[in-house]
Amino acid sequence: MSKFSNQAKINLTVLQLIAVLTAISGVLALIFEVRNLVIHSFEVYISRLSLTVFAFIILVLSNTNTGKSKTNLLLHFLLFTVIASSFFVVTKITNLFAVNSNVLAFYVFLVGISIRWHYINQIIVVMYLILSIIGVQIVNPGVYTSHTNFIETISIVSVLCVLSIIASILLGSKIQIEPETEELGEKDDLHFDDFVNNAAEGFFRISVDSKFIYANLSLVKLLGYSNVDEVINLNDASKVFANGSDLSDLKKIVDKSERVKNFRSLLVRPDGTKISVKINARKVNHDKRAEIYYEGSIADITSQVKLENESKAEIEKLKEENNRIEQEAAAALRSSEIKTQFLANMGHEIRTPMNSVFGLLSLIEDGQFETLEELKEYAVNAKSAAGSLMDIINNVLDISNIEAGKMDLSEIEFDLTEEINKAVSIIGQRAREKGLGVTVNIAGDIPVKIIGDAMKYRQVLINLLSNAIKFTETGEVSVEVATAKKTEDTIQLNTIVQDSGCGIPKEKLEMIFGEYKENNENGVPKNGVGLGLMICKEFVNLMDGTIEIESKINEGTTVSFSVIFGLIKDLVDSPKQSAIKIEPVDKSKKKEPEKIIEKKLVEIKKENSREESSDSKTTLGIAAEKSLIENFDKIEEKYSKKAEEIFSSTTATDKDTKSGKKRLLLVEDNPISQKVEQKLLTGAGYAVDAVSSGKLAIEAVKSEPFDLILMDIEMEGMDGIEATKRIRALEDPINEIPIIAVTAHSSMKDRERCLDAGMNDYIAKPININFLKMTIDQWLYRK
Numbered sequence: 212m213s214k215f216s217n218q219a220k221i222n223l224t225v226l227q228l229i230a231v232l233t234a235i236s237g238v239l240a241l242i243f244e245v246r247n248l249v250i251h252s253f254e255v256y257i258s259r260l261s262l263t264v265f266a267f268i269i270l271v272l273s274n275t276n277t278g279k280s281k282t283n284l285l286l287h288f289l290l291f292t293v294i295a296s297s298f299f300v301v302t303k304i305t306n307l308f309a310v311n312s313n314v315l316a317f318y319v320f321l322v323g324i325s326i327r328w329h330y331i332n333q334i335i336v337v338m339y340l341i342l343s344i345i346g347v348q349i350v351n352p353g354v355y356t357s358h359t360n361f362i363e364t365i366s367i368v369s370v371l372c373v374l375s376i377i378a379s380i381l382l383g384s385k386i387q388i389e390p391e392t393e394e395l396g397e398k399d400d401l402h403f404d405d406f407v408n409n410a411a412e413g414f415f416r417i418s419v420d421s422k423f424i425y426a427n428l429s430l431v432k433l434l435g436y437s438n439v440d441e442v443i444n445l446n447d448a449s450k451v452f453a454n455g456s457d458l459s460d461l462k463k464i465v466d467k468s469e470r471v472k473n474f475r476s477l478l479v480r481p482d483g484t485k486i487s488v489k490i491n492a493r494k495v496n497h498d499k500r501a502e503i504y505y506e507g508s509i510a511d512i513t514s515q516v517k518l519e520n521e522s523k524a525e526i527e528k529l530k531e532e533n534n535r536i537e538q539e540a541a542a543a544l545r546s547s548e549i550k551t552q553f554l555a556n557m558g559h560e561i562r563t564p565m566n567s568v569f570g571l572l573s574l575i576e577d578g579q580f581e582t583l584e585e586l587k588e589y590a591v592n593a594k595s596a597a598g599s600l601m602d603i604i605n606n607v608l609d610i611s612n613i614e615a616g617k618m619d620l621s622e623i624e625f626d627l628t629e630e631i632n633k634a635v636s637i638i639g640q641r642a643r644e645k646g647l648g649v650t651v652n653i654a655g656d657i658p659v660k661i662i663g664d665a666m667k668y669r670q671v672l673i674n675l676l677s678n679a680i681k682f683t684e685t686g687e688v689s690v691e692v693a694t695a696k697k698t699e700d701t702i703q704l705n706t707i708v709q710d711s712g713c714g715i716p717k718e719k720l721e722m723i724f725g726e727y728k729e730n731n732e733n734g735v736p737k738n739g740v741g742l743g744l745m746i747c748k749e750f751v752n753l754m755d756g757t758i759e760i761e762s763k764i765n766e767g768t769t770v771s772f773s774v775i776f777g778l779i780k781d782l783v784d785s786p787k788q789s790a791i792k793i794e795p796v797d798k799s800k801k802k803e804p805e806k807i808i809e810k811k812l813v814e815i816k817k818e819n820s821r822e823e824s825s826d827s828k829t830t831l832g833i834a835a836e837k838s839l840i841e842n843f844d845k846i847e848e849k850y851s852k853k854a855e856e857i858f859s860s861t862t863a864t865d866k867d868t869k870s871g872k873k874r875l876l877l878v879e880d881n882p883i884s885q886k887v888e889q890k891l892l893t894g895a896g897y898a899v900d901a902v903s904s905g906k907l908a909i910e911a912v913k914s915e916p917f918d919l920i921l922m923d924i925e926m927e928g929m930d931g932i933e934a935t936k937r938i939r940a941l942e943d944p945i946n947e948i949p950i951i952a953v954t955a956h957s958s959m960k961d962r963e964r965c966l967d968a969g970m971n972d973y974i975a976k977p978i979n980i981n982f983l984k985m986t987i988d989q990w991l992y993r994k
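Per this note's numbering, the very first residue in the sequence shown carries number 212; after that it's consecutive.
Structural data, given as structure tokens:
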């Protein structure tokens, strides 16, 4: 921006303002002043009209290019005209001399302090005023002598004229400095233009109203235009941005912080192609030039952004791969931990029946039996324990076959009612032992025979019934079989197993069919290795069925599974609705000693169901083979124990106590293991009392003195760990009784857990009676 244009711009504004005010004053004079004059009204009218017209002419000329370049000349013409017009009126009307002189002097003073021009120009304007006063004296000599305040008027005019010249001189000295600054700015602009035109990056200047006011050749090429004018002629610079709001955002950031670095955006070329750019910009505010704009550089970073995006994609891919590996590793670790826990649980379950087998065989080997009947009893119990062990092994093999994908389905004709009878028969004995009723209802529209895998259906039902009986202490377990859907060739059966047991917490329902899981209510492990439900789910899946579970705490659990079977086309007959029922013992009745289980107070009906039942429900018979517990109870009957004593514990005789034998408390919830261990310990020379839970153990030590406690760990209700902690919290001397853990868990971690709870020693099953006796004596006779 040149010196002339800056100065002319300032003076032009003042000139236009003075011209407008003069024109308005002339119009007002024509309206109000002339009509009140009696004489010389025409001369005054012509004077005021000429002034008004000339002021309008000056205003018009000031808006032309010629007028803008001749601002000072137009100012002189306008001021001379104003002064001349006023004193022409004074020559006609002399009493206006004082007013006009003072107004014109003030008018000249305002011009002096408003216009930035050399003080010589101001002196010339003052000379206009002085010459006008002299002219009035020449034309009308009596004008001064007729005014008494002439000297005062001349004084005021003189002071104002001098002040206007001083003001002009002061402003003139400032004007001498500004050209030098502007010249330097012009030189800087020339250097800037030379630098940016040869730069590789695009340089720009954008006005506050978002118009390009400068663009170098690199920017023109970057934006895809052929010359600078095409860029400058863009009405809106935001058009080059793919997102029009980016320019507005850029300006806001610059307005706030005065500059911005590495602002990234996407530009669009006229042909539609888009490029990624990086913008550095600042705000320029030249007070001296009275203009504000934004300037900066734009660099093409399309290749860089492409590489960054590829790198980000690769990093995301690596992250996903890493996450996948971590998840697989976590899953493998979890699977390993689950299988480790499974093996530990399985080890416990294997050792328990194995302990019974070894114990019973040891009794037989040592001749610790009195009759052939007792020997047979030992053999039957050993066989039963071996059968339990075989069941666990079969479950493990089933799991292995399922995981290996070697489990196949068979398609055979079978009698559904018969398979359900088999399942109920297998679990019936345990239900009676716990005093539970088991009912089965089969819908009447189900054919006698259907086609499918009878063994797997029966196994699912057995597992569900076993689970239901295991977690149910009172009430009954029911089975309902109904038709869910039937076609010409298939029938979908829905089987529901419902119990009135302890229930399962809602948060554990989703994982109830997970691998190797058990429902550990209140932290107390339940019996079993957790395979039953998993096998149920896998078998149902193999049969293209579904299995669901619902449960409420303390109300019971309902498990339903639905599978599809084939129909036999030629089979037309369907059985009537049938029901099976296992009845719990009527505890008010007593029968012959050899046919009653007093400890569990359960009666086994030995009657054929078809012969006995007279209504729609039939009573399921159990095989003639006597149960393990029944045989052992016969031995107890041999010693004439009271039912109440048998229910709570097996107590050492007074004879044993008085003989000086050390008195032991055996805490074991497995009936067979309890009988075997008690027999072995009694044969080893100890007086042994036995209880079946941690709660009963605490009650026993409170009421009777014992020399040592043999404590099982996993028991329903209160386990051995909790029982030990509570015994250690009792008063002396009870809390000092030696406690030895006798458990099927054999890991070092299990040993530490027992010792941390307050136990003195630890023995893993299966039990070696000699080692057990040595350990017991060590604590009985310790110094």
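Just so it is clear, CB atoms sit at the ideal spot from N, CA and C, and this is done for glycine as well.
Given the structure is predicted, the values throughout are model-derived calculations rather than measurements.
Any chance the stretch 682-692 sits against the stretch 646-658, with 3 or more Cβ pairs inside 8 angstroms?
The stretch 682-692 is in contact with the stretch 646-658.
Could you check the C-alpha separation between residue 903 and residue 749 for me, to the nearest Å?
Between the C-alpha atoms of residue 903 and residue 749 there is a straight-line separation of about 35 angstroms.
Can you confirm whether the stretch 947-958 touches the stretch 983-992 when touching is taken to mean that 3 or more C-beta pairs between the two stretches lie within less than 8 angstroms?
Judged by Cβ distances under 8 angstroms, the stretch 983-992 makes contact with the stretch 947-958, as three or more pairs qualify.
Roughly how many angstroms separate the alpha carbons of residue 445 and residue 422, rounded to a whole number?
Residue 445 and residue 422 have their C-alpha atoms roughly 7 angstroms apart.
Of the residues 752, 610, 600 and 660, the one placed nearest residue 626, counting alpha carbons only:
Check the Cα spacing between residue 626 and each of 752, 610, 600 and 660: the tightest is with 660.
Buried/exposed call for residue 917, threshold 16 Cβ in 10 Å
Flag for residue 917 reads buried.
Which ranges does the alpha helix (DSSP H) cover as unbroken runs of at least 4 residues, wholly within the stretch 859-932, from first to last along the chain?
Counting only runs of 4+ residues, the alpha helix (DSSP H) found wholly inside the stretch 859-932 occupies 865-869, 882-894 and 905-914, in chain order.
So, for residue 885: in the same chain, excluding its five sequence neighbours on each side, which residues have a beta-carbon less than 6 angstroms away from its beta-carbon?
Non-local C-beta neighbours of residue 885 in its own chain, meaning closer than 6 angstroms and more than five positions away in sequence, comprise 879 and 901, ordered along the chain.
Determine the direct distance from the alpha carbon of residue 586 to that of residue 836, and round the result to whole angstroms.
A caution first: residue 836 carries a pLDDT of 33, below 50, which makes its placement in the model too unreliable to give a value.
Are there 16 or more other CB atoms within 10 angstroms of the CB of residue 526, so buried, or fewer, so exposed?
Residue 526 sits exposed, since fewer than 16 C-beta atoms from the chains shown fall within 10 Å of its C-beta.
Could you give the residue range of the alpha helix (DSSP H) that holds residue 945?
From DSSP, residue 945 is part of no alpha helix (DSSP H); its letter is neither H nor E.
Could you spell out where the alpha helix (DSSP H) holding residue 668 opens and where it closes?
665-681 is the span of the alpha helix (DSSP H), which, as asked, contains residue 668.
Does the pairing of the stretch 745-765 with the stretch 717-726 give three or more beta-carbon distances under 8 angstroms?
In this structure the stretch 745-765 touches the stretch 717-726; the number of beta carbon pairs closer than 8 angstroms is three or more.
Kindly provide the ranges of any alpha helix (DSSP H) runs that are 4 or more residues long and lie completely inside the stretch 572-654, ordered along the chain.
Annotation note: the stretch 572-654 contains the following uninterrupted alpha helix (DSSP H) runs of length 4 or greater, listed N- to C-terminal: 583-615 and 627-644.
CA nearest to the CA of residue 494, picked from 457, 471, 609 and 645:
Of 457, 471, 609 and 645, the residue nearest in Cα terms is 471.
Determine the DSSP secondary structure at residue 563, reduced to helix, strand or coil.
Looking at residue 563 - three-state DSSP - the assignment turns out to be helix.
According to DSSP, what are the bridge partners of residue 992?
Answer is none; residue 992 lacks a bridge partner.
Kindly indicate the opening and closing residues of the alpha helix (DSSP H) around residue 432.
Start and end: 428-434.
Would you say residue 883 and residue 642 are within 8 angstroms of each other, going by their C-beta atoms?
No, Cβ-Cβ distance for residue 883 and residue 642 is not below 8 angstroms.
Closest residue to residue 972 among 934, 937 and 922 (Cα-Cα distance):
Minimum Cα distance to residue 972 is reached at 922.
Nearest to residue 776 (by Cα), restricted to the options 710, 713, 752 and 701
Looking at the Cα atoms, 701 is the closest of the given residues.
DSSP on residue 421, reduced to helix/strand/coil?
In the structure shown, residue 421 sits in coil (DSSP, three-state: anything other than H, G, I, E or B).
Within a Cβ cutoff of 6 angstroms, which residues of the same chain sit near residue 817, ignoring the five residues on either side of it in sequence?
With a pLDDT of only 28 at residue 817, under the threshold of 50, the placement of this residue in the model should not be trusted; the figure read from the coordinates follows. Answer for residue 817: no residue qualifies.
Could you please give the first and the last residue of the uninterrupted beta strand (DSSP E) stretch that includes residue 687?
Boundaries of the beta strand (DSSP E) harbouring residue 687: 687-697, taken from the DSSP string.
At 4 residues or longer, and completely inside the stretch 231-290: list those alpha helix (DSSP H) runs for me, N to C.
Counting only runs of at least 4 residues, the stretch 231-290 fully encloses the following alpha helix (DSSP H) elements, listed from N- to C-terminal order: 252-272 and 276-280.
Just verifying my parser: in three-state terms, what is the DSSP assignment at residue 777?
DSSP places residue 777 in strand when its eight states are reduced to three.
Name the two residues that bound the continuous alpha helix (DSSP H) containing residue 511.
Element bounds for residue 511: not the alpha helix (DSSP H) but the beta strand (DSSP E), 502-511.
Would you grab the beta carbon distance between residue 266 and residue 230 for me? Rounded to a whole angstrom, and I think it's under 8 angstroms.
In this structure, residue 266 and residue 230 form a Cβ contact; the two beta carbons are roughly 5 angstroms apart against a cut-off of 8 angstroms.
Let's test the definition: count the other Cβ atoms within 10 Å of the Cβ of residue 463 and tell me whether it reaches 16, buried, or not, exposed.
Counting every other CB atom within 10 Å of its CB across the protein chains shown gives residue 463 a total below 16, marking it as exposed.
Span of the beta strand (DSSP E) holding residue 480?
Here residue 480 belongs to no beta strand (DSSP E), and DSSP marks it neither H nor E.
Spatial neighbours of residue 734 within its chain, please: CB distance less than 8 angstroms, with the 5 preceding and 5 following residues excluded, ordered by chain position.
Its pLDDT being 38, under 50, residue 734 is placed unreliably in this model, and the value from its coordinates should be taken loosely. Its chain contains no residue whose beta carbon lies nearer than 8 angstroms to that of residue 734 once the 5 sequence neighbours on both sides are disregarded.
What does the Cβ neighbour count give for residue 658, buried or exposed, with the cut at 16 atoms within 10 Å?
Counting Cβ neighbours within 10 Å, residue 658 comes out buried, since at least 16 surround it.
So is residue 851 buried or exposed if we call it buried at 16+ other beta carbons inside 10 Å?
Residue confidence is low: residue 851 scores 34 on pLDDT, short of 50, so the model does not pin down where it sits. No coordinate-derived value is stated.
Simplified DSSP assignment, three categories, for residue 439:
Shown here, residue 439 sits in a helix according to DSSP, grouped into three states.
Check each candidate in 567, 613, 609 and 611 and name the one with the smallest Cα separation from residue 593.
For residue 593, the nearest C-alpha among the options comes from 567.
Please report how far the alpha carbon of residue 576 lies from the alpha carbon of residue 623, in whole angstroms.
Rounded to whole angstroms, residue 576 to residue 623 spans 47 angstroms at the Cα level.
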